[in-house]
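Numbering (our numbering), first residue to last: 4 to 404.
Below: one structure, written as structure tokens.
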Amino acid sequence: MKFFINVFLISRLKVREKNEDSNQLIFASARFFDDFMGRIILHLDLDSFYASVEEMRRPEIKGKPIVICVFSGRSEDSGAVSTANYKARELGIGAGMPIARAKMLARGKDVVFLPNDIEHYTEVSDKIMDLLDDEADALEQVSIDEAYLDLTDRCRGDWRAARKVAEEIKSKIKELESLTCSVGIGPNKLVAKMGSKHKKPDGLTVIMEGEVQSFFGNIPVSKLHGIGFKTIEVLDRLGIKNGKDLAGFDFKTLKENFGENKAKKIQEIARGIGDTKVEQRLKKQVSKMATLKEDARSAEQVFGRMNELLAELSRKTAKKGARFRTVSIITIDTNLRMQTKSETIPESESVLGAVHVFERLMKDFFKENDGVVLRRIGVRVSNLTYKKIQATLKDFGKFVV
DNA sequence: CGACGTGTAAC
DNA sequence: CCTTTTACACGTCG
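Structure (structure tokens):
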């Protein structure tokens, strides 16, 4: 009997915690019933975060359409929209849109355009993430305005308790920062994420195991998390419209169109299957990009801007206590074609110590691309390793994100 | 297999 | 006219 239970536990652990050390088995029996019951995962998304934060700290713009912009500095209105609040979205303004177009749509209306202030948003975000950390077994911050919480142990399989936790979190965030958020709760990260997308803003959607199939089945494939524009084009040709179509589609045909791995992946998405753990991940690369004031036709013309970028990249990298092995430049020419060049070197701690490598890559790029005219450039270090002591995963995660 | 470059997706 | 940052998968080459 003991043997049987162990076999069962090991197989569960394989499915659920592939990356865990075998010493996790020590805790396995204590978690037997949790394993048996499955997990409860919560995903939280702060509603039009940047715009809402600005609205909160500037009483004079309350209730107005607000558009947060990334100005590229090339001309008065060059750049793109980062976030539009719901009032602005009613006018057709949305993220990613050129600022000039957003201003056309806003013509004659009282719309507030603001440059983004990431520093401030990060401060607000950090406070909220701290709050979330207190509510969960594990926290995974995936971006400045999104996080996953594992509530499995905390709620012991009780979905109504999980809903209570969500409501509590929502009211705390409102109290503390006057912000709303959308929350999804499900048996894995994918389902939780789809739940939080389902009702916005200020939503709360719970999808239990038994409800996954019908929820995912009725959703258009274009709304599935992880399925983007290119994939949709192919799915469309195959006549696949919603989750049900994809979940039940002939695998061989999918494989012919997407390759084995991607076929498997998108079909699992359509079935609401996912088993990745909620855990704070360390960054694997750091980069910094910028649009040039003026188009550049030679390496020497971009060195000035590149050195500024490297100074910032250096700070970012040092702050995380990261070392790197790979150095890259990223170029975007006037036709918006992106290219990268990279080189792997002996492990280094100092970005500025590797300036000559960035410069050489840039020179080589111009040598290899005769007549190219650059609009934007970027620098990146990857192949990161971390030296700082990992006091607790929580603190380290916060430090690194 | 590691290094390098590109494409897709999400934020 | 067209921003920024990251992850990951895949093909290719030596």
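Even glycine gets a Cβ: it sits at the ideal position worked out from N, Cα and C.
- Residues SER51, PHE52, TYR53, ALA54, ILE71, ALA98 of the same chain have their beta carbon placed closer than 7 angstroms to that of THR86, with the five preceding and five following residues left out of the count.
- Segment contact: the region 68-83 against the region 203-223, fewer than three CB-CB distances shorter than 8 angstroms; contact not assigned.
- Comparing C-alpha distances from THR294 to each of VAL384, GLN283, GLU311 shows the shortest one belongs to GLU311.
- For THR337, no beta strand (DSSP E) encloses it, and the DSSP letter there is neither H nor E.
- In chain order, ASP336 place their CB closer than 6 angstroms to the CB of VAL375, counting only its own chain and leaving out the 5 sequence neighbours on each side.
- A distance of 7 angstroms or more separates the beta carbons of VAL84 and MET107.
- Counting other Cβ atoms within 10 Å of its Cβ, SER199 reaches 16 or more and is therefore classed as buried.
- Taking a contact to require three or more Cβ pairs closer than 8 angstroms, the region 343-353 and the region 314-334 qualify as touching.
- The beta strand (DSSP E) runs of length 3 or more contained entirely in the region 226-304 are, from start to end of the chain, 288-299.
- One thing to note: VAL237 has its Cβ within 7 angstroms of the Cβ of ASN260.
- DSSP places THR183 in the coil class of the three-state scheme, outside both helix and strand.
- Assignment of GLU212 by DSSP, reduced to helix, strand and coil, places it in the helix class.
- Each residue's CA atom was taken as its position, placing ASP153 and GLU371 some 49 angstroms apart.
- Using a C-beta cut-off of 8 angstroms, the region 278-287 makes no contact with the region 356-364, since fewer than three inter-stretch Cβ pairs fall below that distance.
- Per DSSP, reduced to three states, the secondary structure at SER351 is strand.
- Exclusion of the five residues before and after GLY277 leaves ASN191, LYS192, LEU193, VAL194, GLU271 as the residues of its chain whose Cβ lies within less than 8 angstroms of its Cβ.
- ARG326 carries a strand assignment under DSSP once its states are collapsed to helix, strand and coil.
- Residue pairing from DSSP leaves ALA105 without any beta-bridge partner.
- Of the residues assessed, GLY231 falls on the exposed side of the cut-off, its CB having fewer than 16 other CB atoms within 10 angstroms.
- Note on geometry: alpha-carbon atoms of GLN144 and GLY189 lie some 17 angstroms from one another.
- In this structure, GLY324 lies near LYS390, with their beta-carbon atoms less than 7 angstroms apart.
- Taking each of GLY242, ASP239, SER146, GLY246 in turn and checking the Cα distance to LEU227, the smallest one comes out for GLY246.
- Within the model, the alpha-carbon separation for PHE369 versus LYS296 is close to 19 angstroms.
- Boundaries of the alpha helix (DSSP H) harbouring ALA91: 89-92, taken from the DSSP string.
- Going by beta carbons, ALA273 and LEU249 fall inside the 7 angstroms limit.
- Bounds of the beta strand (DSSP E) holding LEU49 are 44-49.
- From the listed residues HIS123, ASP156, ALA150, GLY220, the smallest Cα separation to ILE43 is found for ASP156.
- When the beta-carbon positions are compared, ASN119 and VAL56 stay at least 7 angstroms from each other.
- Judged by DSSP in its simplified three-state form, LEU313 adopts helix.
- Distance from the CA atom of GLU282 to the CA atom of ILE131, rounded to whole angstroms, is 17 angstroms.
- Per the C-alpha coordinates, the member of HIS123, LEU94, THR125 positioned closest to GLY111 is LEU94.
- Taking 4 residues as the minimum length, the alpha helix (DSSP H) runs contained wholly in the region 121-184 are 121-136, 155-158, 162-180, in order along the chain.
- With a minimum length of 3 residues, the unbroken runs of beta strand (DSSP E) contained wholly in the region 51-78 fall at 69-74.
- By the CB criterion at 7 angstroms, LEU142 and ASP148 fall outside the cutoff.
- If you look at LEU377, you'll find it in the beta strand (DSSP E) that goes 377-385.
- Cα atoms of LEU377 and MET341: separation of roughly 10 angstroms, rounded to the nearest angstrom.
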